[in-house]
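Here is the structure we will look at.
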Amino acid sequence: MELVIAFLGLWAFLALAPDAPICRTLHRPLVELPAKFLGAVTRGHVAAAAGLVALVAAAFWLLDHELLLVMSMMAPEAMAYLAMFEIGTLADAILGVTLVATTARFPRIGAVLGRIRQPRTTRARRPMRPTPSNDDEDGAAYACAA
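In the working numbering, the protein residues as written are 28 to 173.
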């Protein structure tokens, strides 16, 4: 309930003082983004939501008190079942699925990564050859002078 009151207070603040610096900052997340998402709602979305609400209402009407009992008796076991999983295992599973999906989507990544290998040893430099002792030429420095 506190969250609803906080949002209503922020929207009231936006309506009463639209030129305040904080209102200009809050305008995008509180007005523009919800308007963009609500603008994408079609008649099909509304019909599907109405059908789902009607289905749930019919189930509650038909099962009335029994459904409430079943749901309330199931809640502790459901919480224990959810708490049974270790979050590290779940994170590993999600990471593994993501890596497999990425490799399947981009098959050339394996080829590119295979080519970028680090050398196992450093390459030795080839020794410089000494100039021959019977060289009568003065070298390349005097080649342009002639």
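Positions of the beta carbon are idealized from the N, C-alpha and C atoms, including for glycine.
For residue i, the three-state DSSP class (helix, strand or coil)
i	result
Ala-151	coil
Thr-69	coil
Pro-45	coil
Phe-64	helix
Met-100	helix
Phe-133	coil
Pro-157	coil
Met-28	coil
Neighbourhood of residue i by C-beta, 8 Å cutoff - its chain only, sequence neighbours within 5 removed
i	result
Leu-37	Leu-53 and Leu-57
Presumed contact (8 Å Cβ cut-off) between residue i and residue j, rounded CB distance
i	j	result
Cys-50	Leu-41	5 Å
Leu-96	Phe-87	That pair is no contact at about 13 Å.
Close Cβ partners of residue i (< 6 Å) along its chain, the five nearest in sequence each way excluded
i	result
Arg-153	none
Cutoff 8 Å: residue i Cβ touching any chain D Cβ
i	result
Met-101	The structure shown has no chain D; it contains just one protein chain.
Residues of its chain near residue i, where Cβ-Cβ distance is below 7 Å and the 5 sequence neighbours each way are ignored
i	result
Val-73	none
Thr-34	The sequence given here places Phe at residue 34; Thr does not occur at that position. Cβ neighbours of Phe-34 beyond the five flanking positions: none.
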